[in-house]
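Protein chains in written order, with my numbering: chain A, 69 to 173; chain B, 69 to 173. Note that beta-carbon positions come from the ideal geometry of N, C-alpha and C, so glycine has one too. One structure is given here, and the rest of the page talks about it.
Protein chains: 2
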Amino acid sequence: MNAVFKALADPTRRKVLELLREQPLTAGELAAHFPVSRPTMSAHFAVLREADLIEATKIGTTITYQLKLSVLEDALLGFARLFATRTADNAPAAPAITLKDGAAK
Amino acid sequence: MNAVFKALADPTRRKVLELLREQPLTAGELAAHFPVSRPTMSAHFAVLREADLIEATKIGTTITYQLKLSVLEDALLGFARLFATRTADNAPAAPAITLKDGAAK
DNA sequence: TCGATGATTAGCTAAATATCGACATCATGA
DNA sequence: TCATGATGTCGATATTTAGCTAATCATCGA
């Protein structure tokens, strides 16, 4: 979970995830959205991969990145759960939290 | 929102927020939970204050910190909303997300 | 007013991070 | 085979961050 929050600390990386929400994109396509160099983007991708937030698929010489929504979800939910107050009697172990219909585990 | 995610990137700071979920605590009480020096903790508090995640109240010589749950919630929800997929027809503008009963705006 | 207590500020170091240009890799098509 | 296009890796540099000790500030009680 720490790796996920570390990854989310950077605006560029959050934006990458946001772009990948719509559809998988190649490294080049993603890089085109930002004013930084390719190596810099590559480093950001590495951080996101390390956090297991994205998945890389290599086809020929092209690498396509795909969002792993469930991992993002688990981290966010795992953290949010720590703040969902549980009163003595009224205590559902897990509060109602969903990022996306059907995506919650 | 960036400040919030920056603040959440550190495990110590996340733990501080978690401790404050239960009840307000003084700087000293909080510091007692961690193996780092007081000044270091003070720096963490400053980051959390900067992100508006906690509120400081000075009583005499003691400073009590309190969690601003709504700010944390807004940031998490604001981000999560970006990933709540909206299909063409089945499109609720905002998905059902709550951290805590009655706390959602 | 003094001294003790709780907390922050100042000044510093070490480590981590972001960023770049240059180079390496690897698959593809001429 | 060779050039090319798409990426990643390397090495260097600058910035940021976490952490420490020592000093300072503010408040309270004797």
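Since B/L98 contacts B/Y133 with CB under 8 Å, what's their CB separation in whole angstroms?
7 Å between Cβ atoms; contact.
Given a threshold of 16 other Cβ atoms within 10 Å of its Cβ, counted over all protein chains shown, does B/V115 qualify as buried or as exposed?
Under this definition B/V115 is a buried residue.
Do the CB positions of A/A100 and A/I131 come within less than 8 Å of each other?
Cβ distance not < 8 Å, so A/A100 and A/I131 don't count as in contact.
Backbone CA spacing between B/P118 and A/I127 [nearest angstrom]:
Note that residue 118 of chain B corresponds to Glu in the displayed sequence, not to Pro. Their backbone Cα atoms lie some 45 Å apart in a straight line.
Could you work out which residue in A/K83, A/L88 and A/S105 is closest to A/K136 when comparing CA atoms only?
The shortest C-alpha to C-alpha distance from A/K136 to any of A/K83, A/L88 and A/S105 is the one to A/L88.
Put A/P160 into one of helix, strand or coil per three-state DSSP.
Only weak support is given to the placement of A/P160: the predicted model assigns it a pLDDT of 49, under 50, and the value that follows is read from those uncertain coordinates. The answer is coil: DSSP assigns A/P160 none of H, G, I, E or B.
Is B/T129 helix, strand or coil when you go by DSSP?
DSSP, reduced to helix, strand and coil, places B/T129 outside both helices and strands of the structure shown, so it counts as coil.
Chain-ordered chain B contacts of A/L140 [CB-CB under 8 Å]
Correct list: F151.
Distance CB(A/L150)-CB(B/E141) smaller than 8 Å:
No; because the gap between Cβ atoms is not below 8 Å, this pair is not in contact.
If you measure from the beta carbon of A/F34 to each beta carbon in chain B, is any gap under 8 Å?
No statement about residue 34 of chain A is possible, as the shown extent of chain A runs from 69 to 173 and does not include it.
Please list, in chain order, the chain A residues whose beta carbon lies closer than 7 Å to that of B/E86.
Simply L150.
State the CB to CB distance for the pair A/D120 and A/V104, rounded to an integer number of angstroms; the pair is presumed to be in contact (CB under 8 Å).
Going by Cβ atoms, the distance from A/D120 to A/V104 rounds to 23 Å, so no, they are not a contact pair.
Inter-residue CB distance, A/A143 and A/V84 (contact presumed, cutoff 8 Å):
With 8 Å as the limit, A/A143 and A/V84 do not qualify as a contact, their Cβ atoms being about 16 Å apart.
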